[in-house]
Amino acid sequence: MAELLDRFAPLMGQRDALFGDGGANPFQVKMDQVLSQTEAMIGNRRTILVGTNNYLGLTFAPEALQAAHDALDACGTGTTGSRVANGTYSGHADLEKTLATFFGKEHAMVFSTGFLANLGILSTLMGPEDFILMDADCHASIYDGVRGSSAQIIRFKHNDAADLDKRLARLADKPGNKLIVIEGIYSMLGDKAQLADIVAVKKKHANTYLLSDEAHSLGVLGRYGRGLPEEVGCEDDVDFIVGTFSKSVGTVGGFCVSNHPQFDTLRLVCRAYVFTASLPPSVVASAIANLKAVQKGGALRARLMRNAKHLHTGLSALGLKIASDVSPVVAVVAPDVQTAVTFWRGLIEAGVYVNLALPPATPFGYSLLRASLCAAHTEEQLEEVIAIFAKVASDIGLITPAKTKRTAVG
Amino acid sequence: MTTIGTEPSAQTVAALVEILGPFNKTGAELKPGTRFTEDLNFDSLVVMEFVAVVEDTFDISVPLNILPDVATIRDLAAAVDEIVAESKS
Numbered sequence: 125m126a127e128l129l130d131r132f133a134p135l136m137g138q139r140d141a142l143f144g145d146g147g148a149n150p151f152q153v154k155m156d157q158v159l160s161q162t163e164a165m166i167g168n169r170r171t172i173l174v175g176t177n178n179y180l181g182l183t184f185a186p187e188a189l190q191a192a193h194d195a196l197d198a199c200g201t202g203t204t205g206s207r208v209a210n211g212t213y214s215g216h217a218d219l220e221k222t223l224a225t226f227f228g229k230e231h232a233m234v235f236s237t238g239f240l241a242n243l244g245i246l247s248t249l250m251g252p253e254d255f256i257l258m259d260a261d262c263h264a265s266i267y268d269g270v271r272g273s274s275a276q277i278i279r280f281k282h283n284d285a286a287d288l289d290k291r292l293a294r295l296a297d298k299p300g301n302k303l304i305v306i307e308g309i310y311s312m313l314g315d316k317a318q319l320a321d322i323v324a325v326k327k328k329h330a331n332t333y334l335l336s337d338e339a340h341s342l343g344v345l346g347r348y349g350r351g352l353p354e355e356v357g358c359e360d361d362v363d364f365i366v367g368t369f370s371k372s373v374g375t376v377g378g379f380c381v382s383n384h385p386q387f388d389t390l391r392l393v394c395r396a397y398v399f400t401a402s403l404p405p406s407v408v409a410s411a412i413a414n415l416k417a418v419q420k421g422g423a424l425r426a427r428l429m430r431n432a433k434h435l436h437t438g439l440s441a442l443g444l445k446i447a448s449d450v451s452p453v454v455a456v457v458a459p460d461v462q463t464a465v466t467f468w469r470g471l472i473e474a475g476v477y478v479n480l481a482l483p484p485a486t487p488f489g490y491s492l493l494r495a496s497l498c499a500a501h502t503e504e505q506l507e508e509v510i511a512i513f514a515k516v517a518s519d520i521g522l523i524t525p526a527k528t529k530r531t532a533v534g
Numbered sequence: 003m004t005t006i007g008t009e010p011s012a013q014t015v016a017a018l019v020e021i022l023g024p025f026n027k028t029g030a031e032l033k034p035g036t037r038f039t040e041d042l043n044f045d046s047l048v049v050m051e052f053v054a055v056v057e058d059t060f061d062i063s064v065p066l067n068i069l070p071d072v073a074t075i076r077d078l079a080a081a082v083d084e085i086v087a088e089s090k091s
């Protein structure tokens, strides 16, 4: 008789092979004291955080803190109920109104996390006669969401509009609706969707809708922070936008906005909305306050992009391979899993936190040191991060020491 | 997708065996009854890569929904036959 979780034995074996020696382990990183948006004490070490997805640094925005405190005192620590039972407070309705206004859409629906928003929307939108065509590099929450759908699920090659077109053409004589699912910025490598091309393909085919997950592009792209559709100028062509408050909005929660006239039907049939407790009032209040800050955040976006360019340029100049063009996600590609682990350990022990991202969670089987920038990073912090990358990369023989003698960049 | 379990065409099986070559890390014999998980040690990532090659080879889309029912080369070949037939109808 097999033990309960024996089927995961190969994975656990890999984990033990990589981390069983008792050295620093990404599964055990603990922020013992949060010092600011960009620094924390991990154990006894002051650590620069370059892997938090806190793109605009709004986690300590004074307006959001005050709004959260006020809501906490007025409404308590939690709603103890679902949105369709006792869990809709005036704050939840205000947040949905704020979101609809922010995006210029008719409808907005708030979920308890971004993951739940994808689960709920993707498992519900399309029916048994329908088709979902998803980008192969989509996030796990999208894979899990479509798995709950009764539609046929088809993957198209990452960011390949011609491949999408071909697959839609094969379905031309099928009467069902088609839903294309993409992300504005793909989380692991930080590359953007080829949105204009994908919209052009969408328009060629009948009964075809487009959903974009703007988790990593909300607040980051577009003059007013509305993400890739705003930047590209095709907001009317994106039928559903899903997103999260857990990155640039600096709190937690998920949402979907749309102009579809039947949108409110989803409030009755989306199980991830109906059967889970709603967000606590303090979270709702901080999301409302920070959405306003996101909209007015042109200066923060400019700082974020300047910081992204600074880190991208600095790490490239060391001779490290970066997976994509300048983006708030700077993913350094390590030659193999073991090197990535050694590299990550060197960084954390020197006081730099980035995400260690390994296959199968990464495209192309990449082993990544994934950094994400924050508008609140200072030039000094980034110079220190680059210097530590240089030292660690040189220590482990990934770059030649000569290349570490670099001049200032940025 | 109801024909998994029916006997696929020999050509489809042969084509799958050929493109499986580079994916065969265990050295298992590639025959209709060879199982992807147990005999070839395919994990979810390898399955996705392999399905992409199958799609390119046959110029079809393989819905992810059918994958839980595909255990062997025979199962996959039967599914491919059906998708190809459907696309020509």
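Chains as they are written, first to last, in the numbering used here: chain E, 125 to 534; chain Z, 3 to 91. From the three backbone atoms N, C-alpha and C, an ideal C-beta is built for every residue, glycine too.
For chain Z, is any of its Cβ atoms less than 8 Å away from the one on residue i?
i	result
Ile-278 (chain E)	yes
Pro-299 (chain E)	no
Pro-483 (chain E)	yes
Thr-528 (chain E)	Note that Thr-528 (chain E) scores a pLDDT of 49, beneath 50, so its modelled location is shaky; the value from the coordinates is reported in the next line. Not an interface residue.
Arg-494 (chain E)	no
Arg-291 (chain E)	yes
Val-453 (chain E)	no
Ala-133 (chain E)	no
Ala-532 (chain E)	Only weak support is given to the placement of Ala-532 (chain E): the predicted model assigns it a pLDDT of 45, under 50, and the value that follows is read from those uncertain coordinates. Output row for Ala-532 (chain E): interface = no.
Closest by CA to residue i, which one among the options?
i	options	result
Gly-438 (chain E)	E:Asp-130, E:Ala-458 and E:Val-509	E:Val-509
Ala-209 (chain E)	E:Arg-494, E:Ala-320 and E:Tyr-397	E:Tyr-397
Cys-394 (chain E)	E:Phe-143, E:Gly-144 and E:Ile-245	E:Ile-245
Val-19 (chain Z)	Z:Glu-51, Z:Asp-45, Z:Val-56 and Z:Leu-47	Z:Val-56
Ser-372 (chain E)	E:Ala-500, E:Gly-251 and E:Arg-291	E:Ala-500
Glu-253 (chain E)	E:Leu-243, E:Thr-222 and E:Ser-273	E:Ser-273
Ser-336 (chain E)	E:Ile-365, E:Glu-359, E:Glu-354 and E:Asp-360	E:Ile-365
Leu-535 (chain E)	E:Ala-164, E:Asp-145, E:Leu-173 and E:Leu-128	Only positions 125 to 534 of chain E appear in the structure, and residue 535 (chain E) is not among them; the question remains open.
His-282 (chain E)	E:Asn-431, E:Gln-419 and E:Phe-488	E:Phe-488
Ile-512 (chain E)	E:Ser-448, E:Arg-469, E:Asp-259 and E:Arg-279	E:Arg-469
Lys-433 (chain E)	E:Ala-293, E:Thr-502, E:Ala-275 and E:Gln-386	E:Thr-502
Ile-520 (chain E)	E:Glu-354, E:Leu-497, E:Asp-460 and E:Thr-203	E:Asp-460
Pro-404 (chain E)	E:Leu-135, E:Leu-196, E:Phe-132 and E:Leu-128	E:Leu-196
Val-450 (chain E)	E:Ala-474, E:Leu-497, E:Pro-483 and E:Leu-482	E:Leu-497
Ala-330 (chain E)	E:Leu-129, E:Leu-319 and E:Ala-293	E:Ala-293
Ala-260 (chain E)	E:Arg-271, E:Ile-309, E:Ile-278 and E:Phe-235	E:Ile-278
Gly-238 (chain E)	E:Gly-269, E:Leu-249, E:Gly-443 and E:Lys-221	E:Gly-269
Ala-241 (chain E)	E:Pro-452, E:Ile-412 and E:Thr-368	E:Thr-368
Lys-298 (chain E)	E:Met-312, E:Ala-320 and E:Ala-275	E:Ala-275
Pro-539 (chain E)	E:Lys-221, E:Gly-147 and E:Val-457	No statement about residue 539 (chain E) is possible, as the shown extent of chain E runs from 125 to 534 and does not include it.
Ala-417 (chain E)	E:Gln-318, E:Ala-188 and E:Ser-491	E:Ala-188
If we cut at 8 Å on Cβ distances, does residue i have a partner in chain E?
i	result
Asp-83 (chain Z)	no
Pro-34 (chain Z)	no
Asp-71 (chain Z)	no
Asp-45 (chain Z)	yes
Leu-78 (chain Z)	no
Asp-42 (chain Z)	Going by the sequence as given, residue 42 (chain Z) is Leu instead of Asp. No, because no Cβ of chain E sits closer than 8 Å to the Cβ of Leu-42 (chain Z).
Who are the neighbours of residue i on chain C, taking C-beta pairs under 8 Å?
i	result
Arg-294 (chain E)	The displayed structure is made up of protein chains E and Z, and chain C is not among them.
**Q.** Cβ contact (3+ pairs, closer than 8 Å) linking the region 401 to 416 of chain E and the region 187 to 194 of chain E
**A.** Flag = yes, the region 401 to 416 of chain E and the region 187 to 194 of chain E touch.
Q: Enumerate, from N- to C-terminal direction, the unbroken alpha helix (DSSP H) stretches of 4 or more residues contained entirely within the region 338 to 413 of chain E.
A: Listed in chain order, the alpha helix (DSSP H) runs fully inside the region 338 to 413 of chain E are 352 to 356, 390 to 393 and 395 to 398, counting runs of at least 4 residues.
Q.
For a minimum of 4 consecutive residues, which ranges assigned as the alpha helix (DSSP H) are wholly contained in the region 220 to 292 of chain E?
A. Annotation: the region 220 to 292 of chain E contains the following complete segments of the alpha helix (DSSP H) (minimum length 4 residues), in chain order: 238 to 248 and 264 to 271.
Q | beta strand (DSSP E) segments (min. 3 residues) lying fully within the region 409 to 488 of chain E | A | Whole beta strand (DSSP E) segments, 3+ residues: 453 to 458 and 479 to 481.
**Q.** Contact the region 343 to 351 of chain E vs the region 209 to 220 of chain E: 3+ CB pairs below 8 Å
**A.** Under the Cβ criterion (8 Å, minimum of three pairs), the region 343 to 351 of chain E does not count as touching the region 209 to 220 of chain E.
**Q.** contact_flag[the region 416 to 426 of chain E, the region 450 to 465 of chain E] where n(CB pairs < 8 Å) is 3 or more
**A.** Cβ pair count under 8 Å is below three, so no.
Q. Where in the region 128 to 209 of chain E do unbroken runs of the alpha helix (DSSP H), each at least 4 residues long, occur, reported from the N-terminal end onward?
A. DSSP runs (the alpha helix (DSSP H)) wholly in the region 128 to 209 of chain E: 133 to 143 and 186 to 199.
Q) Touching or not, the region 362 to 382 of chain E and the region 216 to 227 of chain E, by the rule of three or more beta carbon pairs under 8 Å? A) At 8 Å Cβ cutoff, the stretches touch.
**Q.** contact_flag[the region 340 to 347 of chain E, the region 362 to 372 of chain E] where n(CB pairs < 8 Å) is 3 or more
**A.** Counting Cβ pairs under 8 Å, three or more are found: they touch.
Q: Please confirm if the region 247 to 264 of chain E is in contact with the region 299 to 307 of chain E, defined as three or more CB-CB distances below 8 Å between the two stretches.
A: When Cβ pairs closer than 8 Å are counted between the two stretches, the region 247 to 264 of chain E is seen to touch the region 299 to 307 of chain E, the count reaching three or more.
Q. If you measure beta-carbon to beta-carbon, which residues of the region 7 to 39 of chain Z are closer than 7 Å to chain E?
A. So nothing in the stretch comes that close.
Q.
Is it the case that the region 321 to 338 of chain E contacts the region 151 to 168 of chain E, given that we only count it when at least three CB pairs across the two stretches are under 8 Å?
A. Touching, no.
**Q.** Whole alpha helix (DSSP H) elements within the region 492 to 530 of chain E, 4-residue minimum
**A.** Within the region 492 to 530 of chain E, the complete alpha helix (DSSP H) runs of at least 4 residues are 503 to 519.
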